[in-house]
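Student: Residue numbers (my numbering): 5 to 433.
Just so it is clear, CB atoms sit at the ideal spot from N, CA and C, and this is done for glycine as well.
Predicted model only: the values in this text are computed from it and were never measured.
Here it is as structure tokens:
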């Protein structure tokens, strides 16, 4: 999305400040939050990066984001938000469980990170107005991340598609796993498609984002991201069908193309979906189900059931949990699960009550995607891209504040002209 496109979409001149009054530095803050959530564990990169260095960069980005947001919002003006209130409440079980140090001192470090993350979102809420400013920041920053993935693929195809991950695409310059890359690609594809349907960007600018992202998504072989993209877009476009002719045309063509692809390329689609796995391995969700069963069967004290064992690395028995709900239950207990469920209920309920609009459609896409991905991906209970996606949805569902009515200026007094006596009409008795 180029600068000319941005000015066209937001109604701002090519030079000068936006009409919304959102400082350009807010985009820098959003980009730093995205950098913080990229993580520090992943594939082996072309140039080995020490994990300590990666953590220093990601945590430094979060501290810089908080400091910059605070400098931009020195009056500390914030917008009331049920979403941010629930995230703040999520800190309570996180701190209570982490204080026992069952997960080590790293749990308290993660609590501090979550507190800074949520505080930065509170500071940014001042500029949440239901507009598409943050959507454009989201697309630009994640497209830049995907650009680094594409660069790594061009520089060293072997490192970018290693046998360790079954030939799936990984980050060769920055350690990113296939599910991460698939998530970023799917989210910006969905948002770019919706911007085109809402005529907030031109097709050429959208194609620059959508086509390369589709290629990278296909190379990751990420089933969750693909299903999240398709289902999320179907729900989002469905919310526009009654009010947008472009959405109706796109939906009709998408259904026809999907039907033809399902018939003509069924074997290829099945091969891509299975990724060479057996039916048994697919049924157990690549071994995830065994970890889930072991986690649920593990004995827990009452305190652990209510508040969890503290923020950790989203693993159990040395294996990744790969389920947001079970990860929250393990680390923040039933209290955390209740709060995360309330986040989806609040955002989903507000989205259903809003009148049809492009902002609402984008929010529905993001909420749907995160709900689908939560089944096989962890991250809803800690600072993560999923919380950023939901924060973006919350910003899109804000009711714009009505501008204050302009005060009518008093009309200037018109001086009375003196009429000569001879010109005055005398009344006839």
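For a test of the three-state rule: what should DSSP assign to residue 319, helix, strand or coil?
Tutor: Reading the chain shown from its first residue, position 315 is the one you call residue 319. In this structure, residue 319 counts as strand in the three-state DSSP scheme.
Student: Which same chain residues, not among the five before or five after residue 30, have their C-beta less than 7 Å away from its C-beta?
Tutor: As a working note, residue 30 is residue 26 in the chain shown. Closer than 7 Å at the Cβ level, and outside the excluded window around residue 30, lie 76, 128, 131.
Student: Using the Cα positions of residue 256 and residue 233, report the straight-line distance between them to the nearest angstrom.
Tutor: Position 252 of the chain shown, counted from the start, is the residue given in the question as residue 256. Position 229 of the chain shown, counted from the start, is the residue given in the question as residue 233. Each residue's alpha carbon lies about 17 Å from the other.
Student: Quick check: the Cα distance between residue 210 and residue 197, rounded to an integer number of angstroms?
Tutor: For the purposes of this step, residue 210 is taken as residue 206 along the chain shown, with counting starting at 1. For the purposes of this step, residue 197 is taken as residue 193 along the chain shown, with counting starting at 1. Their backbone Cα atoms lie some 7 Å apart in a straight line.
Student: Could you check what DSSP says for residue 313 in three-state terms: helix, strand or coil?
Tutor: Residue 313 sits at position 309 when you count from the first residue of the chain shown. Coil at residue 313, not helix or strand.
Student: If you draw a straight line from the alpha carbon of residue 345 to that of residue 160, how long is it in whole angstroms?
Tutor: Locating residue 345 in the chain shown gives position 341, counting from the first residue. Locating residue 160 in the chain shown gives position 156, counting from the first residue. Distance between the alpha carbons of residue 345 and residue 160 is about 42 Å.
Student: Using only the alpha-carbon positions, how far apart do residue 149 and residue 335 sit?
Tutor: One-based indexing of the chain shown puts residue 149 at position 145. One-based indexing of the chain shown puts residue 335 at position 331. Going by the C-alpha atoms only, they are around 29 Å apart.
Student: When you compare each of 45, 50, 49, 66 to residue 56 by their alpha carbons, which one comes out closest?
Tutor: Sequence index remark: in the chain shown, residue 56 carries index 52 (1-based). Here the closest residue by C-alpha is 45.
Student: Can you find the residues in the same chain that come closer than 6 Å, C-beta to C-beta, to residue 367, ignoring five residues on each side of it along the sequence?
Tutor: Sequence index remark: in the chain shown, residue 367 carries index 363 (1-based). Correct list, in chain order: 355, 397, 400, 401.
Student: How many Å lie between residue 37 and residue 268 at the Cα?
Tutor: Translated into positions along the chain shown, residue 37 becomes position 33. Translated into positions along the chain shown, residue 268 becomes position 264. Their Cα atoms are separated by approximately 43 Å.
Student: Give the secondary structure of residue 408 by DSSP, where H, G and I count as helix, E and B as strand, and everything else as coil.
Tutor: Within the chain shown, residue 408 is the residue found at index 404, counting from 1. Note that residue 408 scores a pLDDT of 49, beneath 50, so its modelled location is shaky and nothing firm can be said.
Student: Assuming residue 177 and residue 185 form a contact by the criterion Cβ under 8 Å, report the distance between their Cβ atoms to the nearest whole angstrom.
Tutor: Stepping through the chain shown from its first residue, residue 177 is reached at position 173. Stepping through the chain shown from its first residue, residue 185 is reached at position 181. With a Cβ gap of about 12 Å, residue 177 and residue 185 do not count as contacting.
Student: Below 8 Å on the Cβ atoms is my guess for residue 213 versus residue 192; work out the distance and round it to an integer in Å.
Tutor: Walking along the chain shown from the start, residue 213 turns up at place 209. Walking along the chain shown from the start, residue 192 turns up at place 188. Going by Cβ atoms, the distance from residue 213 to residue 192 rounds to 6 Å, so yes, they are a contact pair.
Student: Would you tell me roughly how many angstroms separate the C-alpha atoms of residue 175 and residue 307, rounded to the nearest one?
Tutor: To locate residue 175, count along the chain shown from 1; it is residue 171. To locate residue 307, count along the chain shown from 1; it is residue 303. One C-alpha to the other measures close to 39 Å.
Student: Measuring only the C-alpha atoms, how far is residue 96 from residue 121?
Tutor: Residue mapping note: residue 96 aligns to position 92 of the chain shown, counting from 1. Residue mapping note: residue 121 aligns to position 117 of the chain shown, counting from 1. Distance between the alpha carbons of residue 96 and residue 121 is about 15 Å.
Student: Would you check if the stretch 323-339 and the stretch 372-387 touch, i.e. whether three or more CB-CB distances between them fall below 8 Å?
Tutor: The stretch 372-387 vs the stretch 323-339: in contact.
Student: Spell out a yes or no on whether the stretch 67-76 and the stretch 162-171 are touching, meaning 3 or more CB-CB pairs, one atom from each, closer than 8 Å.
Tutor: At 8 Å Cβ cutoff, the stretches do not touch.
Student: Excluding the five sequence neighbours on either side, which residues of its own chain have a C-beta within less than 8 Å of the C-beta of residue 93, listed in chain order?
Tutor: Taking the chain shown and counting its residues from 1, one reaches residue 93 at position 89. Only 343 meet the Cβ criterion.
Student: Mark residue 253 as exposed unless 16 or more other C-beta atoms lie within 10 angstroms of its C-beta, in which case mark it buried.
Tutor: The residue given as residue 253 occupies position 249 in the chain shown. By the neighbour-count rule (16 or more Cβ atoms within 10 Å), residue 253 is not buried but exposed.
Student: Which residues bound the alpha helix (DSSP H) around residue 174?
Tutor: Translated into the one-based positions of the chain shown, residue 174 becomes position 170. Unbroken run through residue 174: none, as it is neither H nor E.
Student: Can you look up residue 183 in the DSSP assignment and give me helix, strand or coil?
Tutor: Start at 1 with the first residue of the chain shown, and residue 183 comes out as number 179. Looking at residue 183 - three-state DSSP - the assignment turns out to be helix.
Student: What residue ranges within the stretch 205-248 form continuous alpha helix (DSSP H) runs of no fewer than 4 residues, ordered along the chain?
Tutor: Within the stretch 205-248, the complete alpha helix (DSSP H) runs of at least 4 residues are 207-224, 227-242.
Student: Following the continuous alpha helix (DSSP H) through residue 379, name the residue where it begins and the one where it ends.
Tutor: Here residue 379 corresponds to residue number 375 of the chain shown, with the count starting at 1. From DSSP, residue 379 is part of no alpha helix (DSSP H); its letter is neither H nor E.
Student: Below 8 Å on the Cβ atoms is my guess for residue 393 versus residue 370; work out the distance and round it to an integer in Å.
Tutor: For the purposes of this step, residue 393 is taken as residue 389 along the chain shown, with counting starting at 1. For the purposes of this step, residue 370 is taken as residue 366 along the chain shown, with counting starting at 1. The pair is a contact, with the Cβ atoms about 5 Å apart (cut-off 8 Å).
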